[in-house]
Amino acid sequence: MQKYQTFHRNPKVPQPLPPPNSCDSQFHVFGPVEKYPIRPGAVYCTPEATIEAALAMHKRLGISRGVIVQSSAYATDFRVLYDALEIAGPQYQGCVVLDDDVSDAELQKLHDAGVRGVRFNFWKVLNLVPSRQSFERTIARIQEMGWYAKLHMPADELMEMQDMFRPLKVNVVLDHFGRTEFDRGIAHPSVTLIEGLLKEGNWWMMLSNGDRRSKAGKPWDDAVMFARHFMDVAPDRMIWGSDWPHPLLAENEPPKDDGELLEFAYNYAKNEKLKQKLLVENPARLFGFTD
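Quick note: the sequence shown uses the working numbering, first residue 1, plus one each step.
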């Protein structure tokens with residue numbers, strides 16, 4: 001397995017700190033591998049990225065809520081997630097990968113543990129692409145549970161498969177800007193499609209990995225332009241996630257400073273009211289967080 005960069009050990013304290021009850025809507029936890037072995041065929045693993053390390057990062061950044069997204073490295077082995085949710089407490093939730101082998105009893109156990117969403121990895125590099133039949137069966141199951149769906153896929157594939165997604169009635173979150181290609185511009189048909197979906201009322205977007213998706217380079221102005229564009233379309237359904245510990249970052253690249261990246265994410269909002277929506281109000285409504 002190829003080695004990748006690990007997380008920043010001493011991120012800066014963001015200035016200013018985020019608003020109270022700010023939420024990191026996507027981060028992952030890993031390891032130790034001796035206790036939580038990764039699945040055969042996994043593309044990556046970050047063995048030191050434990051829940052304790054994640055919570056320490058959140059404390060330093062001033063974040064008090066979060067969503068632990070089950071990594072593709074574990075697929076449907078939920079042991080690491082169950083333990084992480086128990087340690088993190090009630091202001092944290094989970095989002096998992098499901099397949100038809102997951103029983104109704106396990107689904108209820110996940111719900112009781114604090115899981116409220118399923119992530120569908122249509123990005124082929126992760127080796128977890130569900131079939132259409134499996135996707136539709138899983139959607140039917142989570143609709144009964146009141147869960148949301150997350151779609152992780154390139155924008156071109158979203159366009160190709162849109163007939164499968166348009167009928168969805170559950171809340172749907174598009175990962176990482178919908179994986180739009182910033183260098184194509186805002187007028188690209190993939191962006192127009194996403195705009196239409198966001199206007200439906202049950203479609204959300206996670207503004208994450210803007211620095212990594214940028215084609216312009218630091219200070220990543222193209223990411224800010226796209227973020228503000230999508231926020232204009234659906235200001236009440238934009239959320240932010242760190243994507244800590246930043247999977248698949250090349251080993252020879254510097255680690256991502258999460259404090260710096262949170263400060264950068266402030267730029268997505270044109271004013272303090274939108275910043276409050278992005279970091280606090282919108283995720284609280286989607287995930288059901290209460291004080």
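Positions of the beta carbon are idealized from the N, C-alpha and C atoms, including for glycine.
Practice problem: Please list, in chain order, all residues of the same chain as Q276 whose beta carbon is under 6 Å from its beta carbon, the five residues on each side excluded. | Solution: In the sequence shown, the residue the question calls residue 276 occupies position 276. Closer than 6 Å at the Cβ level, and outside the excluded window around Q276, lie P19.
Quiz prompt | Which of helix, strand or coil DSSP assigns to R39 | solution = As a working mapping, residue 39 is identified with position 39 in the sequence shown. If DSSP states are grouped into helix, strand and coil, R39 belongs with coil.
Quiz prompt | Pick from A75, F30, P16 and W147 that is closest to Q93, judged by C-alpha positions | solution = Taking the sequence shown and counting its residues from 1, one reaches residue 93 at position 93. Here the closest residue by C-alpha is W147.
Exercise. Would you please state the rounded distance, in angstroms, between the beta carbons of A149 and V172? I believe it to be under 8 Å.
Key: Counting from one through the sequence shown, the residue named residue 149 turns up at place 149. Counting from one through the sequence shown, the residue named residue 172 turns up at place 172. Confirmed, Cβ separation roughly 5 Å.
Quiz item: Where do the ends of the beta strand (DSSP E) carrying R65 lie?
Solution: Taking the sequence shown and counting its residues from 1, one reaches residue 65 at position 65. Boundaries of the beta strand (DSSP E) around R65: R65 to V69.
Quiz item: Exposed or buried, E281, counting other C-beta atoms within 10 Å across all chains shown (16 or more means buried)?
Solution: Numbered from 1 along the sequence shown, position 281 holds the residue referred to as residue 281. Buried: at least 16 other Cβ atoms inside 10 Å.
Self-check item: Residue interval of the alpha helix (DSSP H) (run including M159)
Solution: To locate residue 159, count along the sequence shown from 1; it is residue 159. It spans A155 to E160 - the alpha helix (DSSP H) in which M159 sits, taken as one unbroken run.
Exercise. Leaving aside the five residues before and after Q143 along the sequence, list all residues of the same chain whose C-beta is less than 6 Å from its C-beta, in chain order.
Key: Here residue 143 corresponds to residue number 143 of the sequence shown, with the count starting at 1. Cβ neighbours of Q143 beyond the five flanking positions: V170.
Exercise. Could you check what DSSP says for Q108 in three-state terms: helix, strand or coil?
Key: For the purposes of this step, residue 108 is taken as residue 108 along the sequence shown, with counting starting at 1. If DSSP states are grouped into helix, strand and coil, Q108 belongs with the helices.
Self-check item: Reduced DSSP secondary structure (H/G/I, E/B, other) of S134
Solution: To locate residue 134, count along the sequence shown from 1; it is residue 134. Of the three classes helix, strand and coil, the one that applies to S134 here is helix, per DSSP.
Quiz item: Straight-line CA distance for H176 to V67?
Solution: Walking along the sequence shown from the start, residue 176 turns up at place 176. Walking along the sequence shown from the start, residue 67 turns up at place 67. Rounded to the nearest angstrom, the two C-alpha atoms are 15 Å apart.
Self-check item: CA nearest to the CA of V233, picked from T192, P37 and L279
Solution: As a first step, residue 233 is located in the sequence shown; it is residue number 233 there, counting from the start. Closest option to V233, judged by alpha-carbon separation, among T192, P37 and L279: T192.
Practice problem: Rounded to whole angstroms, what's the CA-CA distance from P247 to D291? Just pull it up for me. | Solution: Numbered from 1 along the sequence shown, position 247 holds the residue referred to as residue 247. Numbered from 1 along the sequence shown, position 291 holds the residue referred to as residue 291. The straight-line gap from Cα to Cα measures roughly 31 Å.
Exercise. Just mark S22 as buried or exposed, buried being the case when its beta carbon has 16 or more other beta carbons within 10 Å.
Key: Here the question's residue 22 lines up with position 22 in the sequence shown. It is buried - the Cβ of S22 has at least 16 other Cβ atoms within 10 Å.
Self-check item: C-alpha distance - L61 paired with L197, whole-angstrom precision
Solution: Your numbering for residue 61 matches position 61 in the sequence shown. Your numbering for residue 197 matches position 197 in the sequence shown. Straight-line Cα distance between these residues: approximately 32 Å.
Practice problem: Reducing DSSP to helix, strand and coil, say where R184 ends up. | Solution: As a first step, residue 184 must be located in the sequence shown, where it is residue number 184. Helix, per DSSP.
Quiz item: Can you tell which of Q108, H152 and D101 has its C-alpha closest to the C-alpha of F120?
Solution: Residue 120 sits at position 120 when you count from the first residue of the sequence shown. With distances taken between Cα atoms, F120 lies closest to H152.
Quiz item: Under three-state DSSP, which class holds V170?
Solution: Looking up residue 170 in the sequence shown gives position 170. The answer is coil: DSSP assigns V170 none of H, G, I, E or B.
Quiz prompt | Spatial neighbours of E157 in its chain, beta-carbon cut-off 7 Å, leaving aside the 5 residues before and after | solution = The count along the sequence shown starts at 1 and reaches residue 157 at position 157. If we look at E157 and ignore the five residues flanking it on each side, its Cβ neighbours are F122.
Quiz item: Going by beta carbon distance, what residues of the same chain come within less than 6 Å of F230, once the five residues before and after it are set aside?
Solution: Residue mapping note: residue 230 aligns to position 230 of the sequence shown, counting from 1. Hits under 6 Å: M205.
Self-check item: Which of helix, strand or coil DSSP assigns to Q26
Solution: Here residue 26 refers to the residue found at position 26 of the sequence shown. Three-state result, Q26: strand.
Quiz item: How should G217 be labelled, buried or exposed, when 16 other C-beta atoms within 10 angstroms of its C-beta is the threshold for buried?
Solution: Here residue 217 corresponds to residue number 217 of the sequence shown, with the count starting at 1. Label assigned to G217: exposed.
Quiz item: So does the stretch 239-258 actually touch the stretch 36-52, counting three or more Cβ pairs closer than 8 Å?
Solution: yes
Quiz item: By the 10 Å Cβ neighbour count, where 16 or more other Cβ atoms means buried, how is L17 classified, buried or exposed?
Solution: If you number the sequence shown from 1, residue 17 lands on position 17. By the 10 Å Cβ count, L17 comes out exposed.
Quiz item: Is the stretch 71-89 close to the stretch 33-40, with three or more CB pairs under 8 Å?
Solution: Three or more beta-carbon pairs separated by less than 8 Å link the stretch 71-89 to the stretch 33-40, which places the two stretches in contact.
Quiz item: How many Å lie between K270 and D258 at the Cα?
Solution: As a working note, residue 270 is residue 270 in the sequence shown. As a working note, residue 258 is residue 258 in the sequence shown. C-alpha separation (whole angstroms): 21 Å.
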